[in-house]
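For the record, in the sequence shown the residue sitting at position 89 is 89 according to full-length UniProt numbering, with numbers rising by one throughout. Virtual Cβ for every residue (Gly too), placed ideally from N, Cα, C. Given the structure is predicted, the values throughout are model-derived calculations rather than measurements.
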Amino acid sequence: MFDFAIDMDVITKNQFKSVTLPKKKITSKNNVKSSDNWLDKDQLQEFFSGLDKSYNGDDKELVSVYFRLLAFTGARKSELLSLTWSDIDLASSTISINKTITRGLDNKLFVSNTTKTQAGTRTLIIDENTITMLKRWRMLQRSVMFEYGFNIGAKSDQLVFSRFIDNSLINVMTPNHWLKKILTNTNLPTITIHGFRHTYATLAIEAGMNVKQLQKQLGHTDVKTTLDIYAAVTEKGQHESTELFSSYVGF
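Here is the structure:
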């Protein structure tokens, strides 16, 4: 506006050109610092114990499977909410991440057949316990949805997670509400849904996953994003690694 005023000969100098703006402190949503936005192994176990106290019945199964995938795959919340059963190959223990939920006209939710980034389209490997949970959930979902009047049978395009009442997409904010309810039944620090991606990354690194594997699993386009997480996690083990090296060399 002031540059335009100069062009119009209203003023001769833009005084704001000499103002130095303070650097903005970057924090994640809900005022949770990025460096604190994750759970260690014991805290993750406590989280699922809190989940058991917070939910029961069919809701408990849905929420349990959702957070299991969130914590054990590193997938984004919208990627999981857009999953259909055709994306999951239980025989080969894989999940295909190939779409996400977004908003269109009038703020209406719809499934976009593209992921957040090009690297976001990926195949995730899942563990045996997660496969068992998914198998149980698929059978229960068919039964529950039938009670609500939806005969989904073995439909491949059926959403893995959907609203029971109308079999539609779950709102992207709903997992935030699930999380808030669960945390009230624990002594855990406040984290965000995105914190489960950081949790996965942190625990995967501690378990020995290398940078390139982690980059592929998380769907990072730039390896620097993965390396930033990797450096932060491995820093705390630097002293132990130094002692191991010295012991190995032997002098």
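Its chain contains Asn14 as the residues whose beta carbon lies nearer than 7 Å to that of Asp3, once the 5 sequence neighbours on both sides are disregarded; these appear in chain order. Between the C-alpha atoms of Phe67 and Lys216 there is a straight-line separation of about 20 Å.
The distance from the Cβ of Thr115 to that of Lys99 is about 7 Å, consistent with a contact at the 8 Å cut-off. Under the 10 Å beta carbon count, Glu147 is surrounded by fewer than 16 other beta carbons and is classified as exposed.
In the three-state reduction of the DSSP assignment, Leu109 falls in the strand class, which pools E and B. In this structure Ala201 is buried. Its beta-carbon is surrounded by 16 or more other beta-carbon atoms within 10 angstroms.
Contact holds between the segment 162-180 and the segment 77-87, because three or more Cβ pairs, one in each stretch, are under 8 Å apart. The Cβ atoms of Trp178 and Val63 sit closer than 8 Å to each other.
Between the segment 36-55 and the segment 174-191 there are three or more C-beta pairs closer than 8 Å, enough to call the two in contact. Residue environment analysis places Ala204 among the buried positions, since at least 16 neighbouring C-beta atoms fall within 10 angstroms of its C-beta.
Inclusion of Gly195 and Asn56 in the CB contact set at 8 Å is not warranted, their separation being larger than that value. Within the segment 41-87, no complete beta strand (DSSP E) segment of 3 residues or longer occurs. Cα atoms of Leu169 and Ala5: separation of roughly 49 Å, rounded to the nearest angstrom. Sequence-distant Cβ neighbours of Leu44 in its own chain, meaning closer than 8 Å and more than five residues away, are Ala71, Thr199, Leu203. Lys108 and Asn171 have their C-alpha atoms spaced approximately 10 Å apart. Rounded to whole angstroms, Val111 and Lys41 show a C-alpha spacing of 33 Å. Taking a 10 Å sphere around the C-beta of Thr225, we find fewer than 16 other C-beta atoms and assign the residue as exposed. The Cβ neighbour count for Gly208, taken over all protein chains shown within 10 Å, is under 16; the residue is labelled exposed.
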